[in-house]
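Please read the structure below before turning to the comments.
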Amino acid sequence: FHMFEVHDVIRGNNSSRSQAIDQCLRDNPCVPCSPDSCVLRLVQETVDPNCLFSGLFDCSENRFPLENFCSSHLVKSSLASLGMTKSIMPWSMLAEKAKSIVKLYYNNSQKALERSALIIKSINKNLENQSNVSEEKADLATIPFIPVLQKP
133 FHMFEVHDVI RGNNSSRSQA IDQCLRDNPC VPCSPDSCVL RLVQETVDPN CLFSGLFDCS
193 ENRFPLENFC SSHLVKSSLA SLGMTKSIMP WSMLAEKAKS IVKLYYNNSQ KALERSALII
253 KSINKNLENQ SNVSEEKADL ATIPFIPVLQ KP
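Reading the sequence shown from the start, the letters are residues 133 to 284 in this note's numbering.
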């Protein structure tokens, strides 16, 4: 697929796309996420730049679809329906971000504190909306992602 062809397919009405095309879009890195459009991600690896937890990601991680790629509401809603992270952050992604807090704290303590707060909000949102207990959720309980001050 060429980027513009993928854009046209994604922009199409959800009901007019076949399940085979949807599966192809899910299984192949086709969402441009870098300024030069060279980094293509699987839809489920992308994050809506306007969602609650977008602050957990840096632009350099190439997780946000290019703005000109998803400038239309149809493309954004199609990406969300295909699996772009928008309202519920997968436990595995939360665990990945929680593991990065300790290292981040030594480089940028303010950013680490902000991200810790976002992780807590995301955990609460997940718990409200998901009843399943996963191994990743259990792993998250063992990750020290809330920075604390050292004793003087």
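Glycine residues also receive a C-beta, built at the ideal position from the N, C-alpha and C atoms.
### Query
Under a Cβ-count criterion, where at least 16 other Cβ atoms within 10 Å of its own Cβ denotes burial, should Ala230 be classed as buried or exposed?
Counting Cβ neighbours within 10 Å, Ala230 comes out buried, since at least 16 surround it.
### Message
Need the endpoints of the alpha helix (DSSP H) that Gln155 sits in, please.
### Response
Gln151 to Asp159 is the extent of the alpha helix (DSSP H) around Gln155.
### Cβ contact (3+ pairs, closer than 8 Å) linking the segment 183–200 and the segment 164–173
These segments touch.
### Query
Comparing alpha-carbon positions, which option in Lys208, Arg247 and Phe185 lies nearest Lys235?
With respect to the C-alpha of Lys235, the residue from Lys208, Arg247 and Phe185 having the closest C-alpha is Arg247.
### Query
Do you know offhand how far Cys162's Cα is from Thr217's?
Whole-angstrom Cα-Cα distance: 15 Å.
### Query
Mind checking whether Ser254 and Phe185 have CB atoms under 8 Å apart?
Between Ser254 and Phe185, the C-beta spacing is below 8 Å.
### Message
Run through the DSSP bridge pairs and tell me what Pro164 is partnered with.
### Response
Leu172, per the DSSP bridge assignment.
#### Entry: Within 8 Å, strictly: CB atoms of Cys202 and Leu211
Result yes, Cβ atoms of Cys202 and Leu211 sit closer than 8 Å.
### Message
Whole angstroms are fine: how far does the CA of Leu250 sit from the CA of Lys257?
### Response
About 10 Å.
### Query
Would Ala152 be called buried (16 or more neighbouring beta carbons within 10 Å of its own) or exposed?
Exposed.
### Task
Please report how far the alpha carbon of Ser241 lies from the alpha carbon of Pro279, in whole angstroms.
Each residue's Cα considered, the two are about 8 Å apart.
### Task
Can you tell me which of Ser150, Gln176, Cys170 and Ile220 puts its alpha carbon nearest to the alpha carbon of Arg158?
Relative to Arg158, the option among Ser150, Gln176, Cys170 and Ile220 whose CA is nearest is Gln176.
### DSSP beta-bridge partners of Thr217
Thr217 is bridged by DSSP to Val179.
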